[in-house]
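Asks: So that we are looking at the same thing, I have put the structure below in structure tokens.
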Amino acid sequence: MPNGIIYQIINDVMRNKNGFSRCAEFYIGRLRKEGRHSTAHVYKNALFSFSKFCGTSNVSFRQITRERLRRYGQYLYECGLKP
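Under numbering that gives the first Met the number 0, the first residue of the sequence shown carries the number 0, and numbering increases by one thereafter.
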């Protein structure tokens, strides 16, 4: 992975321009480029599920708190899914 891309993501996150969703999408893209399509598919579905739970397609790092993750785990459990 080129260092310039890493620095761009870090700078965007630090300036709060982009958040967790963008970083996750970037990582999923890297998995696909590496031919890890099954893993990318699982991660994409997990991102979609968590984004839906958060009520936004652009989840920020600030939205990822211990309490929110606990509630998300409980939500998955109540839906009959494994957190």
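For every residue, glycine included, the Cβ atom is placed at its ideal position computed from N, Cα and C.
Assign F49 to buried or exposed, taking buried as 16 or more other Cβ atoms, counted over all protein chains shown, within 10 Å of its Cβ.
Replies: buried
Asks: On a CA-only basis, which of S59, L30 and F60 is nearest K43? Give me that one, please.
Replies: L30
Asks: For L75, which of G34, T38, F52 and G28 has the nearest alpha-carbon?
Replies: F52
Asks: Put L68 into one of helix, strand or coil per three-state DSSP.
Replies: helix
Asks: Select from I5, Y6 and K81 the residue whose C-alpha is nearest the C-alpha of A45.
Replies: K81
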